[in-house]
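Protein chains in written order, with the working numbering: chain A, 2 to 258; chain B, 5 to 18. Note that beta-carbon positions come from the ideal geometry of N, C-alpha and C, so glycine has one too.
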Amino acid sequence: MFEARLANGNIFKMIVESIRELVVDVNIDCSTEELSIQCMDSAHVALVSMSLSQSAFDHFRCDRSLSLGLNLPNVSKIFKMMGRDDTMVLKAEDSADKLMLMFENDKSGTIADFELKLMAIEAEQLGVPDTAYKCSISMPSSEFQRIVRDLQVMGDTCKISCTKEGLKFSATGQIGTGNILMRQNVASEKEEDHVTIDMEEPVELNFALRYLNFFTKATPLSPTVILKMSPGLPIVIEYPIEQLGHVKYYLAPKMEE
Amino acid sequence: IFFQCTLRSYFQKK
């Protein structure tokens, strides 16, 4: 059987929110080590990879690896009923045809329980190699969210270039061009406000702003976001979840013909 | 003019 108890249930709610605009049906893979998700959007240009270690849970038992096939719009409806401070409990039998969800709140004394029918989802899995990227940038996730949101008024494609000058986001459209440059900045006492740029060689790639905006739904999960780029490769946009896991997005670059 | 390849052209199928 599978049983997991997460004191801060809100983390799981935020994970669901971070992927539900990209994919509809998803398998949550449960193993003795972690809960994980790998899925692509319907156009297969973006991929989400989520991992939440068993150490994130107060109680974690998984006798046999299993996949929980979920419809995210339905899961999201159930999580709307979860309170901010609720503890979440997930339970499934090895046959995995339904998932039990419980939201408990000690303060108010409430226990809400739901039974969700599971689906068999055929999903293509890709092997994503652990590549050394030419540029790695760490920046406040709220800044990244603001930049990709603001640039949407200029156009639908964002050029991200990493040079020794800094990290530049540019968008061009009918009304003109906008550029936002982020320089390395480690002046603040708070590490989460730092911008660090680790560049082996300059990289310049184009991406669909629509997708970059989808990815920023993970902003509440992490104060910092890590961007990794190499020439001609999908960008990696990683939101670490404390020391317990991550949500990573991969997006294929737009190539110029 | 831009074109976008699917992730299959970058990553191997498992």
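Interface criterion not met: the Cβ of K249 of chain A is under 8 Å from no Cβ in chain B.
In the structure shown, K218 of chain A falls within a helical segment according to DSSP collapsed to helix, strand and coil. DSSP assignment within the segment 3-31 of chain A yields the following whole beta strand (DSSP E) runs of 3 residues or more, N-terminal first: 3-7 and 26-31. The beta carbon of H45 of chain A falls within 8 Å of a beta carbon belonging to chain B, placing the residue at that interface. E105 of chain A sits buried, since 16 or more C-beta atoms from the chains shown fall within 10 Å of its C-beta. If you look at S13 of chain B, you'll find it isn't in any alpha helix (DSSP H); DSSP assigns it neither H nor E.
Under the Cβ distance rule, T158 of chain A counts among the residues neighbouring chain B, one pair being separated by less than 8 Å.
Beta-bridge partners of Q39 of chain A (DSSP): A:S50.
Comparing C-alpha distances from D64 of chain A to each of A:K218, A:I242 and A:S96 shows the shortest one belongs to A:S96.
The straight-line gap separating the alpha-carbon atoms of L7 of chain A and I122 of chain A is approximately 25 Å. Between E205 of chain A and the set A:K229, A:K191 and A:M51, the nearest pair of CA atoms involves A:K229.
A distance below 8 Å separates the beta carbons of T225 of chain A and E193 of chain A. Listed in chain order, the beta strand (DSSP E) runs fully inside the segment 124-154 of chain A are 136-141, counting runs of at least 3 residues. Closest in C-alpha terms to F215 of chain A, from the list A:T88, A:S223, A:K92 and A:I20, comes A:I20. In this structure, A:I242 is the residue among A:I242, A:K108, A:N75 and A:K249 with its C-alpha nearest to the C-alpha of S56 of chain A. Counting C-beta atoms within 10 angstroms of its own C-beta, N11 of chain A has 16 or more neighbours from the protein chains shown and is therefore classed as buried. For G246 of chain A, none of the residues of chain B pass the 8 Å Cβ criterion, the least Cβ distance being about 20 Å.
Checking the DSSP bridge columns, you'll see N72 of chain A partnered with A:D26. Listed along chain B are Q8, C9, T10, L11, S13 and Y14, each with a C-beta nearer than 9 Å to that of A253 of chain A. Note that the C-beta distance between V17 of chain A and S77 of chain A is below 8 Å. F58 of chain A is not bridged by DSSP to any residue.
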